[in-house]
Ligand code: FES
């Protein structure tokens with residue numbers, strides 16, 4: 096494990112997702128209750144980016160099919176609920192899941208010091 100400077104503190108704010116690249120991987124940064132959080136910017140359902148997702152109550156909702164994740168823990172809260180925001184009946188949710196089982200986000204340890212944000216990678 097090593098620590099890298101990922102962003103300046105002022106670039107990351109509550110209620111917004113800030114995407115950066117680390118070793119070729121997209122990482123999303125945000126704040127929950129003022130504390131910086133980081134996760135791999137890849138929905139576990141089909142690998143789509145989450146940075147256009149909705150943030151509410153410490154969770155991010157995937158803009159593609161509505162899977163929802165707790166930002167701090169990465170825990171899956173909802174799995175494949177809609178299609179581009181349009182609600183789906185249960186049978187269609189199962190079909191759209193395409194056999195993928197609910198999974199959480201990969202989170203990264205983030206710290207902040209002297210106006211910069213650092214990630215453990
Ligand atoms: S790609 Fe995110 S829920 Fe399908």
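Numbering (my numbering), first residue to last: 96 to 216.
Glycine included, each C-beta is placed from N, C-alpha and C at the ideal position.
So, are the CB atoms of residue 114 and residue 146 less than 7 Å apart? The criterion of a C-beta distance shorter than 7 Å is satisfied by residue 114 and residue 146.
If residue 140 sits next to residue 195, beta carbons under 8 Å apart, how far is it from one beta carbon to the other, in whole angstroms? 6 Å
Would you check whether the ligand FES has a heavy atom nearer than 6 Å to the C-beta of residue 138? yes
Specify, as a first and last residue, the run of the alpha helix (DSSP H) that residue 104 falls within. Where residue 104 is concerned, there is no enclosing alpha helix (DSSP H), given that its DSSP letter is neither H nor E.
Is the closest heavy atom of the ligand FES to the C-beta of residue 121 under 6 Å? Not under cutoff, so the answer is no.
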